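Working notes, beginning with the structure itself.
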Amino acid sequence: MTTVTTTAIRTAEQYCTFWVAGLFFGVAVDEVQEVLRRQPMTPVPRADRAVTGLINLRGQIVTAVDLRVRLGLPDREGDELPMNVIVRSRGEVVSLLVDDIGDVIDTAGVDPQPAPSTMPRAVQDVVRGVRPLPESILLVLDADRAVDVSTTPDTTGGNP
Amino acid sequence: MDDDAEIIAEFLVESHENLDQLDRDLVELEQQPDSRERLSSIFRTIHTIKGTSGFLAFNRLEQLTHVGETLLSRLRDGEVVMTPPIAEGLLSMVDTVRALLDGIERTGRDTDPAVDVAPVVAVIEGLLAADSVTEEPDVSPAAPAATEPAPPVAPEPEPAPVAVEPEPVAVEPAPTPEPAPEPAPTPAPTADEPWDGVERRVAVDASVRVDVDLLDDLVDLVGELVLTRNQLLQRSLGSADAELVRASQRLDLVASELQESIMKTRMQPIGQVWSKMPRVVRDLSHQLGREVELVMEGHETELDRSLLEAVKDPLTHLVRNSLDHGIEPPDVRRAAGKDPKGTLTLRAYHESGQVVVEIADDGKGIDPATIGAVAVERGVVTRDQLARMDGRDVLGLIFRPGFSTAAAVSNISGRGVGMDVVRTNIERIGGSVDVASEPGRGTTTRVRIPLTLAIIPALVVGEGGERYAIPQANLVELVRIEGDDLRRQVEDLAGAPVLRLRGKLLPLVSLAETLGGTAAADEALTVVVLQSDDVRFGLCVSEVHDTQEIVVKPIGRQLKALTMYAGATIMGDGRVALILDVAGIAGTIGVAATQQEAADGRAVATDDRTALLVLEVADGRRAALPLAAVARLEEFGRDRVERSGTSEVVQYRDGILPLVRLASAIGLPDTSDQGEQISVVVHETSTAGGAVGIVIDKVLDVVEVTVSSSEVGRRTGVTGSAIVQDRVTDLVDLEAVVARSGVPA
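Chains A and B are the protein sequences, given in the same order.
Number 1145 marks the last residue of the first sequence (my numbering); no jumps.
Number 2193 marks the last residue of the second sequence (my numbering); no jumps.
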């Protein structure tokens, strides 16, 4: 089990880490543009529920995707303010809303492993693999898939 | 290796530009086969490409350009005479060169197996052989680039780019700022062109090539700067620090000028799109057996580069249409007493903040009867609807989906990509297209495009605590209905609310519901009347903020499926606001064009009621203007009023708006200056672009009444009075009032 390596797992060793609903995630540092505190947000009616809104990042309009919703995890408590992890994905800049930011860690020497198949589908979907560190298990997030929310518009509550 | 990549990139950019010029040159050459100036220009281009391709070891490209160059040099020296087969051969060589360059761009190599150079080389060699000229010694493809294939002419030092060449033909676009074909990195001597001195395209030492991404970044940054400036200005207004106030005013000025300059850097002449037209027209007219002269006027008219890209295909399609459906074959034209050679005119010019592009032909025109019959047959309209349309509306039917005029579907136009696609594409960028035609005399299609996509005027409305911007281009009018009128004018037709607006039924759509919320039941209704394509509907909004120029920004992939948003913008306070896409909203909620026509059908043709704008002047006196004469309502800070001669003016929409104080004009004491702001009714005069601002105290209401006016109170500036809403109201003599501003009415 421990020696299984798939080609999908990239060998980037440095990860920008953060927590979402108690899960410890990491995104390869070269995919992360910056980390920001909570930003004023403009909601987008009828967008996918995971799209929390739009933020103004120095004149660029950035879509914010709530990872809790995206991963099918319970909503954040009312008084918890999310942080923005700004990632670059397929030529666009997208913000991932997370609970808390961790350090940048170097996982050199820790072999990547495939994600356990018992994790919820929605989580497995965006996780590229795991790296068991001494204190915690790092879930390596596939940023491209994480920001790829369903694009079918929510048409409920329609109009005559 | 990186050096190589850079050289190749440079080579590609330069070659593509040169090839565009080459297309124009070749087409012209056919008309003036003995123009040595054209020939040497073509020769230079091919020579440059050949030289560089040899240097970069693009052997196939070199082989191809080499035979082309040989043929060209013979043409230039008069050893071979230009014939249609030779022109064909040269054009196909240019096409193949282009294909090879595309391959190089993709793969970095010229070995793209999809492109076959051998046949073209064979054709050209055949042409060379047919003219029984003895083979030159250096035909072998391996000939090093530096070998000079041209006949030995006494080397002449190349004169510096002197005078701009006199333009011999109307069709030739003036020198666009593209660099003349420069000597490639190879030491290819250019001294073989004895006519060089007089016919250089202006070599623009004064311009630099800048990456488009960099320009886009600059636009973003300047938008950001403008926002920051707005915030700073707001803070400094209340500040007692005179130094800070002065500095921020200076910043204000500089930022505005900077913004303007940056926007200018993105402007490009429309000639860039047109440069392909001579070739398109030439190929098509040959294919269709038409004789066509292409006239292009106003190629220097500039518009934003992103728009240029967007209008390219629609314009090409319109040109194709003119050739296919407009201009008749020569024998038909002769029979009709016309010049067998048809004329296709492309004309571009600026008009009231927009770019207008006209595509005019002197062909057979469009017969409304035929259009009507076809439209009924294809089920685009019903016979009844057709009967109610005037000639102009009937012509407009060609823009409807499902309509194609081509009697037989040809491979040029009428391939299902009809005029509706042209219109959709033009409207997507905030433009409009209409067509006018005189049967037997020709057709003129007029395309209107905004100057820039990046900044557009928009109305900002509020809903659910958020702001939304609606492009002004879609805005027809604003209507507010209160109290009794609400019950009288708004009705529910099987769950679909409609508004009786001047005798017509207008479907109403609630913005709140469109956004997935619920509309608040209110005592008053604010309706933004919107128009897109043939669809007109009223959007009910909670709040109307103001109109402002907004910077349009794209939104992410996650939101692309939501057709109701056209993008987003950043407001003065730094928050993001979504821009509504009017066509998208109409689509989302299913307001269709037919609905509007049904409403039109029910409209009462005879309507003697007039819509009036009721105003207050001179402390409580009432006056009324016909609503039709009102273009916009504006408020200006009193400090923005400046003087020009004896008149008051304000700067407005990049122009100067003369002001008339209504009270003074109708013989009452002027009290319009009591607040910080002055209220102004903008009236657009009949002269294009002319406008006058009529200063009033405030707007009271818009009413629709049957005016029974009386001579009572008639005086200068007042035609009489009428009872409006149970109050005596002066009816303003607009002409007399406008005349006071000194602007022709």
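Positions of the beta carbon are idealized from the N, C-alpha and C atoms, including for glycine.
Because the structure is a prediction, the values reported are computed rather than measured.
The three-state secondary structure of D2121 (chain B), taken from DSSP, is coil.
Less than 8 Å divides the Cβ of V2180 (chain B) from the Cβ of G2165 (chain B). Within the segment 1029-1042 of chain A, contact with chain B at the beta-carbon level (separation under 9 Å) is assigned to V1029, P1030, R1031, A1032, D1033, A1035, V1036, G1038, L1039, I1040 and N1041. Of all residues in the segment 1977-2010 of chain B, those with a C-beta nearer than 8 Å to a C-beta of chain A are K2001, P2002, I2003, G2004, R2005, Q2006, L2007, K2008, A2009 and L2010, reading in chain order.
A check of alpha carbon separations from R2080 (chain B) across B:S1709, B:L1923 and B:S1704 identifies B:L1923 as the nearest.
E1077 and V1079: these are the residues of the segment 1063-1089 of chain A whose beta carbon lies less than 7 Å from some beta carbon of chain B, given in chain order. Contact between G1813 (chain B) and E1886 (chain B) holds: CB atoms are separated by about 5 Å, below the 8 Å threshold. Residue state for Q1996 (chain B) is assigned as strand, using DSSP reduced to three classes. Inter-segment contact for the segment 2064-2071 of chain B and the segment 2140-2152 of chain B is present: three or more beta-carbon pairs are separated by less than 8 Å.
About 6 Å separates the Cβ atoms of V1927 (chain B) and V1977 (chain B), confirming a contact at the 8 Å cut-off. Judged by their CB atoms, L2105 (chain B) and V2065 (chain B) are not nearer to each other than the 8 Å cut-off. Residue pairing by DSSP puts M1068 (chain A) in a beta bridge opposite A:V1083.
Counting of Cβ neighbours within 10 angstroms places K1712 (chain B) among the exposed residues, the total staying below 16. DSSP places H1495 (chain B) in the uninterrupted alpha helix (DSSP H) bounded by R1484 to F1503. Proximity of G2022 (chain B) to chain A, defined by a Cβ-Cβ separation below 8 Å, is satisfied.
Residue nearest to V1112 (chain A) within the set A:P1097, A:T1092 and A:D1064 is A:P1097 (criterion: CA-CA distance). CA-to-CA, the gap between G1502 (chain B) and L1460 (chain B) works out to about 14 Å. Along the segment 1044-1059 of chain A, going in chain order, the ones with a CB nearer than 9 Å to a CB of chain B are G1044, Q1045, I1046, V1047, T1048 and V1050. The three-state secondary structure of V1693 (chain B), taken from DSSP, is helix. Here E1454 (chain B) is exposed, its C-beta having fewer than 16 other C-beta atoms within 10 Å. A distance of 8 Å or more separates the beta carbons of G1044 (chain A) and T1027 (chain A).
If you look at V1545 (chain B), you'll find it in the alpha helix (DSSP H) that goes P1532 to T1555. The Cβ neighbour count for V1569 (chain B), taken over all protein chains shown within 10 Å, is at least 16; the residue is labelled buried. V1012 (chain A) is outside the set of residues whose beta carbon lies under 8 Å from a beta carbon in chain B. Using a CB distance below 8 Å, no part of the segment 2097-2131 of chain B faces chain A. In the three-state DSSP reduction, I2003 (chain B) falls in the coil class, being neither helix nor strand. In the structure shown, F1459 (chain B) falls within a helical segment according to DSSP collapsed to helix, strand and coil. For R2080 (chain B), the uninterrupted beta strand (DSSP E) run begins and ends at R2080 to G2085, by DSSP. Residue contact check for E1748 (chain B) against chain A: no CB pair falls below 8 Å. Per the Cβ contact rule, the segment 1715-1724 of chain B is not in contact with the segment 1765-1777 of chain B (fewer than 3 Cβ pairs under 8 Å).
R1486 (chain B) and R1524 (chain B) have their C-alpha atoms some 9 Å from each other. Across the set B:T1974, B:V1989 and B:L1963, the C-alpha of B:L1963 shows the shortest separation from the C-alpha of Y2013 (chain B). Cβ atoms of A2016 (chain B) and L2026 (chain B) come within 8 Å of each other, at about 5 Å.
Chain A places no beta carbon closer than 8 Å to that of D1700 (chain B), leaving this residue out of the contacts. In summary, Q1024 (chain A) is buried, with 16 or more beta-carbon neighbours lying within 10 Å of its beta-carbon over all protein chains present. Around the CB of S1655 (chain B), fewer than 16 other CB atoms lie within 10 Å, so the residue is classed as exposed.
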